[in-house]
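Numbering (my numbering), first residue to last: 3 to 103.
The beta-carbon is built from N, C-alpha and C at its ideal position, and this holds for glycine as well.
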């Protein structure tokens, strides 16, 4: 029930943790953006940043608040990292096979 920011303990008791979730998320996103800007420098030099992985579904809206024209969420973001590594593995395998001929 993380999507609803709640935890159902039993039929009568549901704990709402929206406020805590959003406070922690704000802190996390501020830290990520600060480190990103320190590492990359001027973000205006970047055309786009594709947000991937399972966290994209949770954090994309907060990230795109900073630079809405830069951030883009990958389609089917939960599996996009896996597909990317699969493609990289195939390319490396093909390269090794070509070099061994």
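Hey, quick one: how far does the alpha helix (DSSP H) through residue i stretch, first residue to last?
i: residue 81; result: 79-101
i: residue 20; result: 20-42
i: residue 60; result: 57-68
Buried or exposed, going by whether 16 or more other CB atoms sit within 10 Å of the CB of residue i?
i: residue 41; result: exposed
i: residue 93; result: exposed
i: residue 30; result: exposed
i: residue 11; result: exposed
i: residue 65; result: buried
Restricting to Cα atoms, I'd like to know which of the options is closest to residue i.
i: residue 21; options: 32, 11, 7, 34; result: 7
i: residue 49; options: 69, 15, 63; result: 69
i: residue 72; options: 28, 61, 52; result: 52
i: residue 62; options: 28, 90, 85; result: 28
CB-CB under 6 Å to residue i, same chain, minus the five flanking residues each way: which ones, in chain order?
i: residue 82; result: 54, 76
i: residue 58; result: 75, 79
i: residue 23; result: 7
Within 7 Å: the Cβ of residue i and any heavy atom of the ligand MG?
i: residue 79; result: No copy of the ligand MG appears in this structure; indeed no ligand is present at all.
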